[in-house]
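Notes to accompany the following structure.
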Amino acid sequence: MINDIQKSAESKMQKSLEVLKDNLAKVRTGRAHTGLLDQVDVEYYGSPVPVSQVANVTLLDARTIGVKVYESNMAAAVEKAIRDSNLGLNPAAMGDVIRVPMPMLTEERRKDLIKVVRSEVEEGRVAIRNVRRDANTEIKNLLKEKEISEDEARRAEEAIQKLTDKYIAETDKMLAAKEEDLMAV
Numbered sequence: 001m002i003n004d005i006q007k008s009a010e011s012k013m014q015k016s017l018e019v020l021k022d023n024l025a026k027v028r029t030g031r032a033h034t035g036l037l038d039q040v041d042v043e044y045y046g047s048p049v050p051v052s053q054v055a056n057v058t059l060l061d062a063r064t065i066g067v068k069v070y071e072s073n074m075a076a077a078v079e080k081a082i083r084d085s086n087l088g089l090n091p092a093a094m095g096d097v098i099r100v101p102m103p104m105l106t107e108e109r110r111k112d113l114i115k116v117v118r119s120e121v122e123e124g125r126v127a128i129r130n131v132r133r134d135a136n137t138e139i140k141n142l143l144k145e146k147e148i149s150e151d152e153a154r155r156a157e158e159a160i161q162k163l164t165d166k167y168i169a170e171t172d173k174m175l176a177a178k179e180e181d182l183m184a185v
């Protein structure tokens, strides 16, 4: 009973950490990465599809993304979709490859991005704490129904707290790494 609660809490905390990792990956640094274009949709025969489904997205160098469309008639649509996305990117078509250079980040923009990163991390921490709260509520309900003893409940709550501390520490590490990444010139 208690083991199930702990396993469930750990898996939910792990999922919260993965969501946070994905959200932090979307915050753009000065370096290029192919995941940046994941949320850009292009009109493909009347329906919006991600750029990665109509083109091969690669890194040409540390500051440039290369987009090679599968069908040459889609190049203009892909270029327009990237330009119209609110990522602040200015693609340039060169033959069958669209080059997407990453603009340099100003100091002010870096500080704004750090604020965004900190709020994302705080949301991750809140999600982890919510999982802890739910697990502790389940434990208290078991105690109230006299299915477990007070000692078992206390030990289970301590175990849940240790899990919470572990995952909160992970979010702190992710924050430190992303801040360092953003402030690197």
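With the UniProt record's numbering applied, the sequence shown closes on residue 185, and no number is skipped along the way.
Ideal Cβ placement from N, Cα and C applies to all residues, glycine included.
Original post:
Looking at C-alpha atoms only, which residue of R63, A62 and T58 is the closest neighbour of V69?
Top reply: Nearest option by C-alpha distance: T58.
Subject >> Nearest candidate by alpha-carbon position, reference A62, set A76, T34, E158 and Q161 >> reply: Among A76, T34, E158 and Q161, the Cα nearest to that of A62 belongs to T34.
**OP:** Within its chain, find whatever has a CB closer than 8 angstroms to the CB of T137; leave out the 5 residues flanking it on each side and keep chain order.
**Re:** So the list is empty, once near-sequence residues are dropped.
Original post:
Going by Cα to Cα distance, which pick from V116, I160, A77 and I114 is closest to V97?
Top reply: Measuring from the Cα of V97, the nearest candidate turns out to be A77.
Subject >> Neighbour-count burial assignment, T106, 16 or more Cβ in a 10 Å radius >> reply: T106 counts as exposed, since fewer than 16 other beta carbons sit within 10 angstroms of its beta carbon.
Original post:
Can we say the segment 174–185 touches the segment 130–144, given the rule of at least three CB pairs closer than 8 angstroms?
Top reply: As far as the Cβ criterion goes, the segment 174–185 does not touch the segment 130–144, which means the pair count is below three.
**OP:** Quick one: give me the first and last residue of the beta strand (DSSP E) that S47 is part of.
**Re:** Taken as a continuous stretch (DSSP letters only), the beta strand (DSSP E) holding S47 covers S47 to P50.
Original post:
Assuming I128 and I168 make a contact with CB atoms under 8 angstroms, what is their CB distance in whole Å?
Top reply: I128 to I168, Cβ: 6 angstroms. Contact.
Original post:
Roughly how many whole angstroms lie between the Cα atoms of S11 and A156?
Top reply: So the two alpha carbons sit approximately 16 angstroms from each other.
Original post:
Can at least three beta-carbon pairs, one atom from the segment 103–123 and one from the segment 144–161, be found at a separation below 8 angstroms?
Top reply: Flag = no, the segment 103–123 and the segment 144–161 do not touch.
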